[in-house]
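Student:
In the UniProt record's numbering, the protein residues as written are 1 to 787.
#1: Please identify the residue among 275, 267, 226, 239 whose C-alpha is closest to the C-alpha of residue 246.
#2: For residue 104, I'd like the list of residues in its chain whose CB is within less than 6 Å of its CB, leaving aside the five on either flank, ordered along the chain.
#3: Taking C-beta to C-beta, are residue 304 and residue 328 nearer than 8 Å?
#4: What's the C-alpha gap between residue 285 and residue 232?
#5: Check whether the Cβ atoms of residue 744 and residue 558 lie closer than 8 Å to each other.
#6: Who are the Cβ neighbours of residue 577 in its own chain at under 7 Å, not counting the five residues just before and after it?
#7: Report back the beta-carbon spacing between residue 224 and residue 202 to the nearest angstrom; my notes put them in contact at under 8 Å.
#8: For the pair the stretch 271-289 and the stretch 242-257, tell me if three or more CB-CB distances fall below 8 Å.
#9: Would you mind sorting residue 732 into buried or exposed? The rule is 16 or more other CB atoms within 10 Å of its CB.
#10: From the DSSP secondary-structure annotation, give me the bridge partner or partners of residue 237.
#11: Going by DSSP, which residues form a beta bridge with residue 454?
#12: I'd like the list of long-range same chain contacts for residue 369, defined as Cβ closer than 6 Å, with 5 residues on each side in sequence excluded.
#13: Measuring alpha carbon to alpha carbon, tell me which of 374, 336, 341 ends up nearest residue 360.
#14: May I ask which residues mark the beginning and end of the alpha helix (DSSP H) holding residue 711?
#15: Among the residues of its own chain, which have a CB less than 7 Å from the CB of residue 493, if the five just before and after it don't count?
#16: Alpha carbon to alpha carbon, what distance is there between residue 740 and residue 849?
#17: Any idea which residues DSSP pairs residue 480 with across the strands?
#18: Tell me which residues share the same chain as residue 26 and place their Cβ nearer than 8 Å to its Cβ, disregarding the 5 neighbours each side in the sequence.
#19: Start and end of the alpha helix (DSSP H) containing residue 584?
#20: Would you identify the three-state DSSP class for residue 764, choosing helix, strand or coil?
#21: Look at the alpha carbon of residue 15 and the alpha carbon of residue 116, and state the distance between them as a whole number of angstroms.
#22: Could you round the C-beta distance between residue 645 and residue 704 to whole angstroms and report it? I think they count as a contact, below 8 Å.
#23: Distance, Cα to Cα, residue 498 vs residue 480?
#24: Cutting at 7 Å between CB atoms, please list the residues of its own chain near residue 709, excluding the five before and the five after it.
#25: Between residue 593 and chain C, is any beta-carbon pair separated by less than 8 Å?
#26: Just to confirm before moving on: does the CB-CB distance between residue 230 and residue 206 stay below 8 Å?
#27: Can the beta-carbon of residue 55 be found closer than 8 Å to that of residue 29?
#28: Can you say whether residue 604 is buried or exposed, counting buried as having 16 or more other CB atoms within 10 angstroms of its CB?
#29: My assumption, with CB atoms under 8 Å, is that residue 354 sits in contact with residue 331. Please give the rounded CB distance.
#30: Give every residue of the same chain whose Cβ lies closer than 7 Å to the Cβ of residue 574, excluding the five residues on either side of it in the sequence, and list them in chain order.
#31: Exposed or buried, what is residue 7 when buried is set at 16 or more other beta-carbons lying within 10 Å of its beta-carbon?
#32: What are the start and end residues of the alpha helix (DSSP H) that includes residue 778?
#33: Assuming residue 696 contacts residue 650 (C-beta within less than 8 Å), just tell me the rounded distance between them.
#34: I need the straight-line Cα distance from residue 383 to residue 363, nearest angstrom please.
#35: Around the C-beta of residue 711, are 16 or more other C-beta atoms found within 10 angstroms, so that it is buried, or is it exposed?
#36: Could you say which of 590, 614, 322 lies nearest to residue 552 if we only look at CA atoms?
Next up, the structure:
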């Protein structure tokens, strides 16, 4: 009954099918738990329940001793792997991947003598693997990737000489890779990337006669590269380790290698001519090492090469013209080296899809074929280069010298006139120079204090020199926001400049600013915007954040504008799949703040304009000016400041006059009189308790969910109501929820999901804080959407 659109739960009557030998209910929409008696059927040999929506625990009482193959993968099963599975002595294949299983891998699994295939990847399993795994069975496939397993790799995985696939990537495994794996002649695929393995890579792995793929990147391996490689090895990925020494001359024996990725190691020396003799090489990544010297001219023999990355090394000399003759090369990165001389004219005919020659010592004019927007940043930070693109200076032409002399003769009187007029004007604008300095950048005499919270590739001068009017992307009563490019590249940061009204901060406020900035700078989460650094002076504070290409959720929901790939502006509506993605991402960020930080943090101004979107529409919580470390439960820390934005404030708050488009901040409480002229708080949750409460964030987040599902603005319901009040009134009037949903995106296939999220928004905006869910529950509910 596979792929027959079955729905509902598995009937308990299956427990009575005592003669059943083969059951295949895969690729359906079954939900509920697995009946407890299903694993007691004596004759059952094959059980296939994969690709459903089953939940709950795997039954613990297991008496189907004739089971040969169990596949429960791609469901929503939770709990641990039953120890009783070890009693199935005839079991050859066990597949439990793509579930939510936790706990450890039971030692009894290693004692199943007939086990050949064990696939438990993409779960939440932890602890060490059983040390006897592979010792008693003819293990062929072991895939434990994307879990939280730790400790060493078992020594006996290939004890029977039958293992051909070992996939243990993305765990927390450590120690040295067992030498026995190097002697495993049957091994075809080895993936150990994203772990903490250390020591040298077993020599037998390099020389394995059957191994086709060796993926060891993102570990702590050390040692040197081998001179000889197994004849069938096609792909070697060893990036982000600690490998050192030169590329051996014997690399010419790697005749079948197609991909060699060794970025970000400690490799050094020159590129040997032997490396150019590999006929099948298509990808070569050696960026981020310590190579030096000139590139060999023999690279013309790389006829199969499509990707070449030598960035961030110490190569010197000219760029070989032969590099332009490679017929399949489409990606070339030679940036951040010491290459000199002219850009080969042949490169203009080469016309690669991606080219980066930035940060070298190149000189002269670039080929005219490359003077187009596709290569705008390909040549930056080469002071002696010129060409007709914005990042380079224009080239001078000697045959126009007479014209230049004539221009100088004309220019001198004009310049003199301008100087005289400037002196006259100076005295008129002197009194306004300070304000002008604010609009255009930095006061060069200001003393700045630079505090970094991340590894940075820029300095304070890079930021200060780019605070120009053309970089301004936002302006408010408290300061300005700039989009600042870094090192003349396409990478940008966002700089929020806040004025302090020409006065020094009180010492206590300065200490408070520094302490809370350190807290915010230490936050590391995929759904929280990174604070990179702060730059402070007596008159202003600069907060430097990662730049989010798609700006705020508010602009997408209510501005209905976005920038397309061609940088033009077009009408666009954020569809439901993206809105659902935003809801989940923002919830995960808030959950981390409330429950997963060492000390809980509340935001206190969650709103759609403080949820930013990157280029993939991944949501990140922003504007932590409001964030405040919660006092521990036994402490009596209090706060008396009012924070929040109209439409997002929990019931009871009333403001007589409000600035709707600014972000008030506990971190910058000294700016409150800039952001609010007058305000009045009547009967708020905080007024009753005087304690910060994460349920305030839950309420505000609920309003965001209502914005996502209805498309309405938070402070615009009907009449004098805000959105939350309007939504509750809609429900109390027993109107159909469908009528409240955003008609621009509402499709029948999304209807049920949108209704569930609307109802969740109502729960989060309940009047009683105790009735609102915690963010952990919110994340769990949203995580089940689509299941």
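Ideal Cβ placement from N, Cα and C applies to all residues, glycine included.
Tutor: In terms of the structure at hand:
#1: Numbered from 1 along the chain shown, position 246 holds the residue referred to as residue 246. Cα-wise, what sits closest to residue 246 is 267.
#2: Position 104 of the chain shown, counted from the start, is the residue given in the question as residue 104. So the list reads 127, once near-sequence residues are dropped.
#3: For the purposes of this step, residue 304 is identified with residue 304 of the chain shown, where counting begins at 1. For the purposes of this step, residue 328 is identified with residue 328 of the chain shown, where counting begins at 1. For residue 304 and residue 328, yes; Cβs fall inside 8 Å.
#4: The residue given as residue 285 occupies position 285 in the chain shown. The residue given as residue 232 occupies position 232 in the chain shown. About 20 Å.
#5: As a first step, residue 744 must be located in the chain shown, where it is residue number 744. As a first step, residue 558 must be located in the chain shown, where it is residue number 558. It is not a contact, given that the beta carbons lie outside the stated cut-off.
#6: For this step, residue 577 is matched to residue 577 along the chain shown. For residue 577, where only same-chain residues beyond five positions count, there are no Cβ hits under 7 Å.
#7: Here residue 224 is taken as the residue at index 224 of the chain shown, counted from 1. Here residue 202 is taken as the residue at index 202 of the chain shown, counted from 1. The pair is not a contact, with the Cβ atoms about 13 Å apart (cut-off 8 Å).
#8: yes
#9: Reading the chain shown from its first residue, position 732 is the one you call residue 732. Per the 10 Å Cβ criterion, exposed.
#10: Mapped onto the chain shown, residue 237 falls at position 237. 215, 261.
#11: The count along the chain shown starts at 1 and reaches residue 454 at position 454. In DSSP, residue 454 forms no bridge with anything.
#12: The residue you call residue 369 lines up with position 369 of the chain shown. Cβ within range, chain order: 348.
#13: Position 360 of the chain shown, counting from 1, holds the residue named residue 360. Taking only the C-alpha atoms, the option nearest residue 360 is 336.
#14: The residue given as residue 711 occupies position 711 in the chain shown. Segment: none, residue 711 is in no alpha helix (DSSP H) and carries neither H nor E.
#15: Here residue 493 refers to the residue found at position 493 when the chain shown is read from its first residue. Within the same chain, and ignoring the five residues on either side of residue 493 in sequence, the residues whose Cβ sits closer than 7 Å to its Cβ are 484, 486, 532, 544, 545, 546, 547.
#16: In the structure displayed, the chain extends from 1 to 787; residue 849 sits before or after that span and is not available.
#17: For the purposes of this step, residue 480 is taken as the residue at position 480 of the chain shown. Looking at the DSSP assignment, residue 480 forms a beta bridge with 475, 497.
#18: For the purposes of this step, residue 26 is taken as the residue at position 26 of the chain shown. Once the five neighbours on either side are set aside, the close Cβ partners of residue 26 are 2, 3, 48, 49, 50, 51, 52, 71.
#19: The residue given as residue 584 occupies position 584 in the chain shown. Per DSSP, the unbroken alpha helix (DSSP H) holding residue 584 starts and ends at 576-591.
#20: Residue numbering aside, residue 764 sits at position 764 when the chain shown is read from its first letter. It is helical.
#21: Residue 15 sits at position 15 when you count from the first residue of the chain shown. Residue 116 sits at position 116 when you count from the first residue of the chain shown. In a straight line, the C-alpha of residue 15 is about 28 Å away from that of residue 116.
#22: For this step, residue 645 is matched to residue 645 along the chain shown. For this step, residue 704 is matched to residue 704 along the chain shown. That pair is no contact at about 11 Å.
#23: In the chain shown, the residue the question calls residue 498 occupies position 498. In the chain shown, the residue the question calls residue 480 occupies position 480. Cα to Cα, residue 498 sits roughly 7 Å from residue 480.
#24: Walking along the chain shown from the start, residue 709 turns up at place 709. Answer for residue 709: 741, 742, 754, 757, 758, 761, listed in chain order.
#25: Looking at the structure shown, chain C is missing, and only one protein chain is on hand.
#26: Taking the chain shown and counting its residues from 1, one reaches residue 230 at position 230. Taking the chain shown and counting its residues from 1, one reaches residue 206 at position 206. Taking the C-beta atoms as reference points, residue 206 is found nearer than 8 Å to residue 230.
#27: Residue 55 sits at position 55 when you count from the first residue of the chain shown. Residue 29 sits at position 29 when you count from the first residue of the chain shown. Result no, Cβ atoms of residue 55 and residue 29 do not sit closer than 8 Å.
#28: What you label residue 604 is simply residue 604 of the chain shown in a count that begins at 1. Burial call: buried.
#29: Here residue 354 corresponds to residue number 354 of the chain shown, with the count starting at 1. Here residue 331 corresponds to residue number 331 of the chain shown, with the count starting at 1. Correct: roughly 5 Å between the Cβ atoms.
#30: Here residue 574 corresponds to residue number 574 of the chain shown, with the count starting at 1. The answer, listed in chain order, is 556, 557.
#31: Position 7 of the chain shown, counted from the start, is the residue given in the question as residue 7. Residue 7 is exposed by the Cβ-count criterion.
#32: Locating residue 778 in the chain shown gives position 778, counting from the first residue. Segment 775-783, the alpha helix (DSSP H) holding residue 778.
#33: Within the chain shown, numbered from 1, the residue matching residue 696 stands at position 696. Within the chain shown, numbered from 1, the residue matching residue 650 stands at position 650. At roughly 5 Å, the Cβ-Cβ gap stays under 8 Å, so residue 696 and residue 650 are in contact.
#34: Looking up residue 383 in the chain shown gives position 383. Looking up residue 363 in the chain shown gives position 363. C-alpha separation (whole angstroms): 8 Å.
#35: The residue you call residue 711 lines up with position 711 of the chain shown. Classified as buried, residue 711 has 16 or more neighbouring CB atoms from the shown chains inside 10 Å of its CB.
#36: Within the chain shown, the letter at position 552 stands for residue 552. Distances from the alpha-carbon of residue 552 to those of 590, 614, 322 put 614 closest.
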